[in-house]
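Residue numbers (UniProt numbering): 1 to 172.
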């Protein structure tokens, strides 16, 4: 489509692709917003909500025209992030709180409460949940640096004679 870069950027801002993937719903939203922009309307989510019953179809051109397109080499250095650290940190802030009482009937364990400011949700997790997540990250991003988890057991704490509370707080 022959949309300006500004309009394309506006559409991209309305589409949720923060994890690097585009869901089916986000794809359809993008197509509808493109169609609105082609009609000369401002592509906004409000417009999308108001016209949900009858969405316009975008003009994407003929498939034969796509064969003339070629991949463009990346202009930016691919080893640098396109966003600053502040922008990445502004996406969400997750607070980790230690639940003071131990859980479990026979095998006592510690739980952590994780609270997301962006999604306004709070969940409870055990160390084993973080261990599983760590393994998944290592498999999925094999060539990236994934920080190691703090130790699960208190062996180091016994050797350095720190209290269990200090050990758990350090692990948090």
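Glycine included, every Cβ here is placed at the ideal spot set by N, Cα and C.
Spatial distance of residue i from residue j (CA atoms)
i: residue 13; j: residue 34; result: 13 Å
i: residue 31; j: residue 123; result: 35 Å
i: residue 146; j: residue 94; result: 18 Å
i: residue 49; j: residue 58; result: 17 Å
i: residue 103; j: residue 111; result: 7 Å
i: residue 9; j: residue 150; result: 41 Å
i: residue 7; j: residue 60; result: 15 Å
i: residue 133; j: residue 127; result: 10 Å
i: residue 99; j: residue 113; result: 7 Å
i: residue 2; j: residue 23; result: 24 Å
i: residue 62; j: residue 38; result: 16 Å
i: residue 27; j: residue 169; result: 43 Å
i: residue 129; j: residue 109; result: 12 Å
i: residue 88; j: residue 16; result: 15 Å
i: residue 86; j: residue 101; result: 35 Å
i: residue 166; j: residue 97; result: 14 Å
i: residue 152; j: residue 90; result: 30 Å
i: residue 51; j: residue 40; result: 15 Å
i: residue 84; j: residue 45; result: 26 Å
i: residue 135; j: residue 21; result: 21 Å
i: residue 25; j: residue 56; result: 16 Å
i: residue 137; j: residue 125; result: 17 Å
i: residue 148; j: residue 4; result: 44 Å
i: residue 131; j: residue 47; result: 44 Å
Residue range of the alpha helix (DSSP H) that includes residue i
i: residue 111; result: Taken as a continuous stretch (DSSP letters only), residue 111 belongs to no alpha helix (DSSP H), being part of the beta strand (DSSP E) at 111 to 116.
i: residue 49; result: 45 to 50
i: residue 4; result: Residue 4 -> no alpha helix (DSSP H), and no H or E assigned at all.
i: residue 26; result: 24 to 38
i: residue 92; result: Segment: none, residue 92 is in no alpha helix (DSSP H) and carries neither H nor E.
With 16 other Cβ atoms within 10 Å as the buried cut-off, status of residue i
i: residue 29; result: buried
i: residue 11; result: buried
i: residue 106; result: exposed
i: residue 43; result: buried
i: residue 54; result: exposed
i: residue 36; result: buried
Cross-strand partners of residue i (DSSP beta bridge)
i: residue 98; result: 112
i: residue 126; result: 111
i: residue 103; result: 109
i: residue 121; result: 116
Three CB pairs or more closer than 8 Å across the segment 137 to 152 and the segment 111 to 120: no
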